[in-house]
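A.B. asks:
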Amino acid sequence: MNIAENIKKIRETIPDSVKLIAVSKFKPVEDIQVAYNAGQRCFGENKAQEMSAKQPQLPNDLEWHFIGHLQTNKVKYIAPFVTLIHSVDNYNLLNIINKEAIKNNRILDCLLQFHIAEEETKFGFNFDEVVSMLNDTNFNELKNIRICGVMGMATFTDDQSQIRKEFSNLKSIFYKLKIKYFAGKQEFKEISMGMSDDYLIAVEEGSTMIRVGSAIFGARDYQK
Ligand SMILES: *Cc1c(COP(=O)(O)O)cnc(C)c1O
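Each step along the sequence shown adds one to the number in this note's numbering, with nothing skipped, and position 219 is 219.
Structure representation (C-alpha cells):
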C-alpha cells in the first residue's frame, strides 16, 4: 500500500471543495504519520479510546473526526480535541456532548446521522425524529454544540442506482432542514457521505466530506 500515492489519486478525482477524511481506524499511528507527511490533515476514527490514545502521539494541527457510534460514557475521551462528531444519532447523546463541551470550554461541532440505508444494522435518525428534536425547547438550550450538517451511510450493495438514490435522499434531507431550521446558519453546510467504494457517486450527489479508509490505508485487520 502506498498511502501517499492513494491519497493523491483520490484527491485528483474529487473537487478541491470536498474534504477528504482519511479513516484510520484499526491503523497504527505510523500510517497516520505517513498520510500526514503527504499533506493529509483530516482523520476519522470510530472508537473513542482508540482516537484519544492516538491523538497525543501525532502533530497538533491534525483534525480529528469522530465517525462511529458514540456511547454517552465515551464522549469525555474525545471532547477535549475532537474537530467534528459526524455520528450524532439521538438527543441524549447531544445533551452529553453539550455537557462535555462546557467542561472543556469548547463549542463542539456535530453532524446529525441519518439512517438512509435499507439495512437495519446502521445507526441514525429518521427525518421525523430530527424534526421533533429541533422543535423541542430543550434542544435550543444546548449552547455549546453547533449542528453543521448531516451524515449518512448507503446500503452495502453493488446496485449503484440504489446507492445514488440513498445519497440523493440525504441531500434532500439536508436542504429541507437547511431551509426550515438552519436558514442563516453559515455553519450548517456539510453533507458527510461516501466511502471507499461509493465516494464518486456521493460527490456527484453533493457530498462535501468523504470518509475514505481502505482505499487509502488498505484492508483493515479486525483481529488485532
Ligand atoms: C469505516 C468507515 C468508513 C470508511 O470505510 P472504507 O470502506 O474503508 O472507506 C467510513 N465511514 C464510517 C462511518 C466508517 O465506519
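Where is the CB? At the ideal position from N, CA and C, for every residue including glycine.
In this text, all values refer to a predicted model and were calculated from it rather than measured experimentally.
Would you kindly report the start and end of the unbroken alpha helix (DSSP H) that includes residue 280?
C.D. replies: Limits of the chain in this structure are 1 at one end and 224 at the other, which puts residue 280 out of reach.
A.B. asks: Out of 30, 181 and 170, state which residue places its alpha-carbon closest to the alpha-carbon of residue 295.
C.D. replies: No answer is possible for residue 295: the residues shown for the chain start at 1 and end at 224.
A.B. asks: Considering only C-alpha positions, which residue in the set 125, 199, 155 and 159 is nearest to residue 215?
C.D. replies: For the options 125, 199, 155 and 159, the alpha carbon positioned closest to that of residue 215 is the one of 199.
A.B. asks: By DSSP, does residue 114 sit in helix, in strand, or in coil?
C.D. replies: strand
A.B. asks: Determine the contact status of residue 109 and residue 83, defining contact as a CB-CB distance below 8 Å.
C.D. replies: yes
A.B. asks: With a threshold of 7 Å, establish whether the CB of residue 196 neighbours any heavy atom of ligand 1.
C.D. replies: yes
A.B. asks: Per DSSP, which one or two residues make a beta bridge with residue 209?
C.D. replies: 19 and 192
A.B. asks: Beta carbon of residue 202: closer than 7 Å to some heavy atom of ligand 1?
C.D. replies: Outside the cutoff, so no.
A.B. asks: Following the continuous beta strand (DSSP E) through residue 133, name the residue where it begins and the one where it ends.
C.D. replies: Where residue 133 is concerned, there is no enclosing beta strand (DSSP E), although the alpha helix (DSSP H) it sits in stretches over 127 to 135.
A.B. asks: What first and last residue would you give for the alpha helix (DSSP H) that runs through residue 106?
C.D. replies: That residue, residue 106, is in no alpha helix (DSSP H); it is neither H nor E in DSSP.
A.B. asks: For residue 3 and residue 42, I'd like the C-alpha separation in whole angstroms.
C.D. replies: 14 Å
A.B. asks: So, using beta-carbon positions, are residue 205 and residue 164 closer together than 8 Å?
C.D. replies: yes
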